[in-house]
Structures are given as C-alpha cells and as structure tokens.
Amino acid sequence: MTEPAGIGGRGGTVLGVIWGENFLTLILISLRFYTRHYIRGKVGWDDYWLIVTWLLMVIFGALTSVGVAHGMGQHRADLTTEQFADGVFYITCAQVIASLAIGMCKVVVATFLLRIVTAPWQRWFLWFCIGSMMILSLILSSAVFAQCSPVESIWNPLLADKKVCHINLTILAFVDCSYAAFLDFVLAAFPWIALRNLNMKRKERITICISLSLGVFAGICGVIRTSGLGALNETNDYLYAMPDNYMWTFTEVSTTIICVTVGSFHPLWNKLRGHDSSSGGGYQQHSSGYGGTGPYQLSSYSRSKKGGGKKNNTFTSRSDKDDVEAIAGTMTKTTIKNDSDETILLQGSNNIVRVNEITITYEDTKTEGEASGPIVR
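Given below as structure tokens:
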C-alpha cells in the first residue's frame, strides 16, 4: 500500500475552505429545517433536496480530503508516481460527486420557486430547468470514468501508452459548468418576473426578489470555475492546479445554499425576539364556507356572541385599492400563517390573495324607556 504524501502545498487551504463552508452550511440548513418543521410546521421538498445536496458536499469534501492526504495541492515533482496516481484517483471520484451536487443545488432553487409561482408557463420553465440540469449532471458524472479505457489509465500515468479516450471530458465539463452558471443567473432573475404582477406592496415585492436574487454570487463562482477548465486540461502539474477548481465548485454550491436558507429565518428571528409567531404550514388553505374551493363571498361576515352581551364581528372587506385580490383562478377563504417571505403567497390551486381582517367588538346597552343602538369600541 502506497504511503500517503501527507498534507502539503495548497492542501491546507483546500481543507480549510471545504470544511469551513461545510460547517457554515450545516448550521444554516439546521436552522432552516428547525424553522420550517418546529415553527412553521411545514417541510417541503426543497428542504429535503437541500439536505441531499449537503450530504453530497460532505462526500465530496471527504474524497477531496483523502486526495489532499495523497498529494492534492502539491507539485508533481514532490510526489512519487504511486502517490500522484492515488491523489488523482481520489479527486477523480470527487468529480463525480461534485457534478451531482452542482445539479442538485439548482434543483433546490427551482423547487423553492415552484412553491410560489402561479402561471403554468413559469412552472413548466422551472421543471425544464430541473430536468435539463440533472440530465447534464448525470451525463458528466457518468463520463468521468467512461471517458477512457482502460479505466485505470485515467489516473495512473504508468498506463499512459495504453490509454485510449473516447469522450472529451473537458468539453462536457465546459458545457455543464457553463449551463450551471447560466441557470444561477436565470433563477436569480426569475422572481422579478414571476412576482411583478402580484398585488402586494412594492417594498414587500422588492424584499422578496432581492432575497431570492442573491444567487448571482453563485453564478459568479460558476463563471470563475468554468474559465479555469482550459488551463486544467493543459497543465502537467494537475494536482497542484486542481485546488482552485474544487474550491470554486464548493463555494458555488455553498453560496446557493446560503441564498436559499437565509430567506426563511424571519419566523425564527421573530421567535427569538419574543414576537408571536403562530404555527402552521406556511401556506394554509381552508375550504370556503360556500362549498370546497368555490368562490368566496367577500362581503360576508360572521357574528359570534360572547358572554356579557358582547358581540364580536369579524369580516373581510375589499378596499378601493383591491386589498383583497384573486389572481389566476377563483378565490378561497384563506388564513395565511407564515410571516416569512412566503407570507403573501398561497400554495395550491394557483391562488394568491391578500386579506385584511378587521375585528369590531360592541355591546348593546339600553337606557330607561329607550333602546339605544350599538356602541362601537
């Protein structure tokens, strides 16, 4: 068994970046899952895909760490042939996981956006992004070991004379990385289009769009990562040149995770400040009093008696500025219990509403020989 080369050269930097970002994203994902599960009472598919993405990055980090121990980050001249071969083998395995993680982080963003969009074309577009990205990622991950024969010649320089390559992995990697970076920018800009016609305050719309648009930083990482692929293909000092690509890959995924998680912390922040934060499922839809999901009569109101002759009226009204508006379909009677960025968005049946609820308490009083009207308080 070949003795590991040990951590040297740029290896320490690689380990610091990878595991530092892994620890940070673990904290953020844990806080998001806690908020969604214990405060909001609703965990979605985007939360589960987020966990899958993080697990892939842990595997990627572990394989890269073993690669660092076998010479990644060190010059070729400082390693034996066996150490060099072992180092290339482990980082080649890491490439398979990295391509899947890159694809999964786009799935996380697109799945999150699927929770808030309403138009059919928007949903079809997001599903196209998910499908196309994962297809490319699967092709690239499969091609890593299928590119040459014999397979061992990919990492063992002693078999260079027998090496026959059938696939140009550099071209595939360039296409995959370019498309991933492109999707980062597209998905970052998408909320500005999807939410532009919603009936909400301008400040609310801008806040939501900005929180979802931080993915441009992931796109920048992707562009930098893609631009370095050509140099990797031409270098003879592969293990020393590879750390930059791996660190930018890890940072791209970590940045995406950060962008997706930070927008969900508002309910947790309210709880920490002692503000009331009712539990519920984020998007709560109740059946109308007029039959299932049929149209809800906006002018109706309910009256309930309380002790002491007091009465409590709760009604929903529509102001001149359309404070209550149904978009893309019929409206159902709705209670929204989520005070995160998703507060104003209703999941299900393509309905998005904003409801103003007013409660008026009054009591009937009578003077001697005369009945008076209700006194509003």
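The opening position of the sequence shown corresponds to residue 1 in full-length UniProt numbering, with each subsequent residue numbered one higher. All C-beta atoms in this analysis are idealised placements derived from N, C-alpha and C, irrespective of residue type, glycine included.
In the three-state scheme derived from DSSP, where H, G and I count as helix and E and B as strand, S149 is classed as strand.
The shortest CA-to-CA distance from L28 to any of T111, W54 and V17 is the one to W54.
In the DSSP assignment, C165 forms a beta bridge with C148. By the Cβ criterion, the region 30 to 40 is not in contact with the region 229 to 245, since fewer than three pairs of Cβ atoms, one from each stretch, lie closer than 8 Å.
Membership of A110 in the alpha helix (DSSP H) is indicated by the continuous run T81 to L114. When secondary structure is reduced to three states using DSSP, N233 falls in the helix class. In the three-state reduction of the DSSP assignment, G263 falls in the coil class. Look at L31 here: in three-state DSSP terms it is helix. Annotation: the continuous alpha helix (DSSP H) that includes R225 extends over V216 to S227.
With a cut-off of 8 Å on Cβ pairs, the region 54 to 68 is in contact with the region 91 to 109, counting three or more such pairs. Non-local beta-carbon contacts of L183 in its own chain, meaning distances under 7 Å to residues more than five positions away in sequence, involve K106, C129 and M133 in chain order. Taking 7 Å as the cut-off, the Cβ atoms of T2 and D86 count as close. Ranked by how close their Cα comes to the Cα of G12, the residues F250, P243 and I257 have P243 in first place. Boundaries of the alpha helix (DSSP H) around Y48: W45 to A69.
Leaving aside the five residues that flank A110 on each side, the residues in its chain whose CB is nearer than 7 Å to its CB run, in chain order, L126, C129, I130 and L187. R40 and L268 have their alpha carbons spaced roughly 9 Å apart.
The straight-line gap separating the alpha-carbon atoms of G219 and M72 is approximately 26 Å.
In the three-state reduction of the DSSP assignment, R10 falls in the coil class, being assigned neither a helical nor a strand state. Put simply, the backbone Cα of V88 is about 18 Å away from that of G228. Inclusion of D46 and V117 in the CB contact set at 7 Å is not warranted, their separation being larger than that value.
Inclusion of Q83 and G8 in the CB contact set at 7 Å is not warranted, their separation being larger than that value. Nearest C-alpha to N22 among L140, T249, A173 and V151: T249.
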